[in-house]
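Residues in the sequence shown are numbered from 1 upward in steps of one, following the numbering used here.
Notes follow once the structure below has been shown.
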Amino acid sequence: MTDIAGFLGEEADKLLNHVCQGIPKAGLHVPGPDFVDRVVAGSDRKPGVLRNLQTLFNHGRLAGTGYLSLLPVDQGVEHSAGASFAPNLMFFDPENIVRLAIEGGCNGVASTLGVLGMVARRYAHKIPFILKINHNELLTYPNKYDQTLFASVDQAFDMGACAVGATVFFGSEESRRQIQEISEAFAHAHDLGMVTVLWAYTRNAAFKTAEKDYHVSADLTGQANYLGVTIEADIVKQKMAENNGGFQALKFGKTDAKVYSELTTDHPVDLVRYQVANCYMGRVGMINSGGASGKDDLHQAVRTAVINKRAGGMGLISGRKAFQKPFEEGVKLLNAIQDVYLSKEVTVA
């Protein structure tokens, strides 16, 4: 097992022993082996959705825990194939993406229609597929904050996917159309018995100031989460909160002083706890993204997993940190993330 405290170094005590006071653990619906029965079964989700959600929970090294470790590889469209796969040429081949998810012990693999469709007959019964149905692409110039449907819910169903994924760029000029498109797509997915996963990202040039990047503020991302669960996302993917006060600094929208004075502090676990609270107090699982690949990936991946778990989150969805490395190093990183959620010493704060 991974030496979690060792990876955290000087932050170990701060991150492992913190207790959230503003939003106490007692009010959360925390992940666990019985999450579908305890939380989701009381919703309007059809039996097929419950079955497919349980299928996700029952796969990989985290099977039976109620936590998720997912491999997302849609960056070939979202960033460019060259930017994504030049660091590790083997991942131009879709089969290696799925192999990494399997050998890395993931609960599922999320990717594009092309990637998953190319290998569906060989792998759809071996690991849960999450088909990402919309993307931004950077060949359009100048780039804009928009998402285009590249695939349909029916195509996901036909290839045997257990879930569909989609992004909404909340805060962008095109967000209202995206909300409507994905709300309709999620309703259709639920009709077919598939799970819905929302990439609930904030996007607006004004959200980044000279002082801070409020795209990762707890209050703005928390509200994006709340909009995501409103259109019945079953799982919300969100960037980990790194600061707070976006509504106050940008002087728009509405908030309450208690969000900043009582419900949150500047502690990383408290900031992410606010994100979880906006997912109906954990009734909808929130997974944090792993972020870009860099020089300190293993440490950063373990740190992110610890904060997510202690905040009451449901897991991590980490892509570039895993697939932009040699295959075995990618497996090691995914396993280190999973070790955090398997550890009985890392508890909900």
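Glycine included, each C-beta is placed from N, C-alpha and C at the ideal position.
Check	Outcome
Under 9 Å between C-beta atoms of Ile231 and Ile179	yes
Distance, Arg61 Cα to Ala249 Cα	42 Å
Which of helix, strand or coil DSSP assigns to Lys309	helix
DSSP state of Asp213 mapped onto helix, strand, coil	strand
Through-space distance from Lys321 to Asp297, alpha-carbon basis	6 Å
C-beta contact flag for Lys251 and Val216 at 9 Å	no
Simplified DSSP assignment, three categories, for Met314	coil
Per DSSP, cross-strand counterpart(s) of Asn288	Gln238 and Leu316
Sequence-distant residues of its chain with Cβ nearer than 8 Å to Gly48 (five each side left out)	Leu192, Gly193 and Met194
Residues of its chain near Leu15, where Cβ-Cβ distance is below 8 Å and the 5 sequence neighbours each way are ignored	Leu8, Pro268, Val269, Arg303, Val306, Ile307 and Arg310
Buried or exposed by the 16-neighbour rule on C-beta atoms within 10 Å, applied to Lys208	exposed
Three-state secondary structure (DSSP) of Gly165	strand
Every unbroken beta strand (DSSP E) inside the stretch 68-99 [3 residues or more]	68-73
Residues bridged to Ala200 (per DSSP)	Val168
Ser111: first and last residue of the uninterrupted alpha helix (DSSP H) it sits in	Premise fails: Ser111 lies in the beta strand (DSSP E), Gly108 to Ser111, not in any alpha helix (DSSP H).
Per-residue burial, Lys347 [other beta carbons within 10 Å of its own, 16 or more giving buried]	A small fix is needed here, since residue 347 is Thr in this sequence, not Lys. When all chains shown are included, Thr347 counts as exposed.
Proximity winner among Asp37, Ala224, Asp234 and Glu173, relative to Ala241 (alpha-carbon distances)	Ala224
For His299, three-class secondary structure by DSSP	helix
Beta-carbon proximity of Val30 to Asp234, cut-off 9 Å	no
Coil, strand or helix - Lys344 by DSSP	coil
When Ala277, Tyr274, Glu262 and Asp213 are compared against Gly246, the one with the closest alpha-carbon	Asp213
Opening and closing residue of the beta strand (DSSP E) in which Lys14 lies	Taken as a continuous stretch (DSSP letters only), Lys14 belongs to no beta strand (DSSP E), being part of the alpha helix (DSSP H) at Ala12 to Leu16.
Close Cβ partners of Tyr67 (< 7 Å) along its chain, the five nearest in sequence each way excluded	Pro31, Met314, Gly315 and Tyr341
Proximity winner among Ile97, Arg176 and Phe157, relative to His188 (alpha-carbon distances)	Phe157
6 Å Cβ shell around Gly104 - same chain, five flanking residues per side excluded	Val331 and Leu334
Contacting residues, own chain, Cβ-Cβ under 7 Å from Thr350 (five flanking each side not counted)	With the chain covering only 1 through 349, there is no way to say anything about residue 350.
Status (buried if at least 16 other CB within 10 Å, exposed otherwise) for Gly82	exposed
Inter-residue spacing [alpha-carbon to alpha-carbon] between Phe35 and Lys46	16 Å
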